[in-house]
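Read through the structure below, which is laid out as structure tokens, and then see the notes.
Residue numbers (the numbering used here): 9 to 142.
Below you can see the structure in the form of structure tokens.
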């Protein structure tokens with residue numbers, strides 16, 4: 009896609025600090041890192057959201073994410089890491105090209121953890137009824 013920043017990175021039109029690349033996937037350091045080593049992993053083929061990927065594409069992508077997360081944690085001596093996938097604008101997806109975030113976590117870092125939504129807790133039975141037969 010012509011005006012997709014990630015597609016422009018794939019084509020080499022925009023520079024990126026690449027840490028991994030194969031025929032199908034690319035990983036580079038985030039331009040807006042949440043922590044040292046914050047990495048973005050993308051398929052080279054433009055796909056807007058995770059659910060639009062073919063099943064084999066999503067499986068292959070998550071294998072790359074898993075391998076890179078392990079290496080990043082070890083090489084940067086991180087204590088842990090978060091994986092993030094924002095799927096859709098309301099979920100915080102700013103760039104409409106599927107991408108995983110690998111965010112190394114360090115003891116005493118200042119990154120925020122998710123809290124509990126009490127209203128969501130109250131709706132658990134209703135939600136379960138809608139999802140139980142997946």
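Beta carbons: idealized from backbone N, C-alpha and C, even for Gly.
With a CB to CB cut of under 7 Å and the five nearest residues on each side skipped, what residues in its chain are close to residue i?
| i | result |
| --- | --- |
| residue 13 | 22, 103 |
| residue 64 | none |
Excluding sequence positions up to five away, which residues of its chain have a Cβ less than 8 Å from the Cβ of residue i?
| i | result |
| --- | --- |
| residue 33 | 49, 50, 51, 52, 68, 69, 72 |
| residue 38 | 46, 47, 48, 109 |
| residue 56 | 104, 105, 106 |
Residue i and residue j look like a contact to me (Cβ under 8 Å); what is the Cβ gap, rounded to whole Å?
| i | j | result |
| --- | --- | --- |
| residue 90 | residue 111 | 4 Å |
| residue 92 | residue 109 | 4 Å |
| residue 44 | residue 84 | 7 Å |
Pull the bridge partners of residue i from the DSSP assignment, please.
| i | result |
| --- | --- |
| residue 92 | 109 |
| residue 26 | 36 |
Using a Cβ-Cβ cutoff of less than 6 Å, which residues in the same chain neighbour residue i once the five nearest sequence positions on both sides are dropped?
| i | result |
| --- | --- |
| residue 26 | 36 |
| residue 100 | 94 |
With H, G and I counted as helix, E and B as strand and the rest as coil, what does DSSP make of residue i?
| i | result |
| --- | --- |
| residue 48 | strand |
| residue 15 | helix |
| residue 127 | helix |
| residue 82 | helix |
| residue 140 | coil |
| residue 115 | coil |
| residue 103 | coil |
| residue 66 | helix |
| residue 135 | helix |
| residue 72 | helix |
If we count the other Cβ atoms within 10 Å of its Cβ and call it buried at 16 or more, is residue i buried or exposed?
| i | result |
| --- | --- |
| residue 77 | buried |
| residue 17 | buried |
| residue 107 | buried |
| residue 59 | exposed |
| residue 24 | buried |
| residue 118 | exposed |
| residue 98 | exposed |
| residue 128 | exposed |
| residue 88 | exposed |
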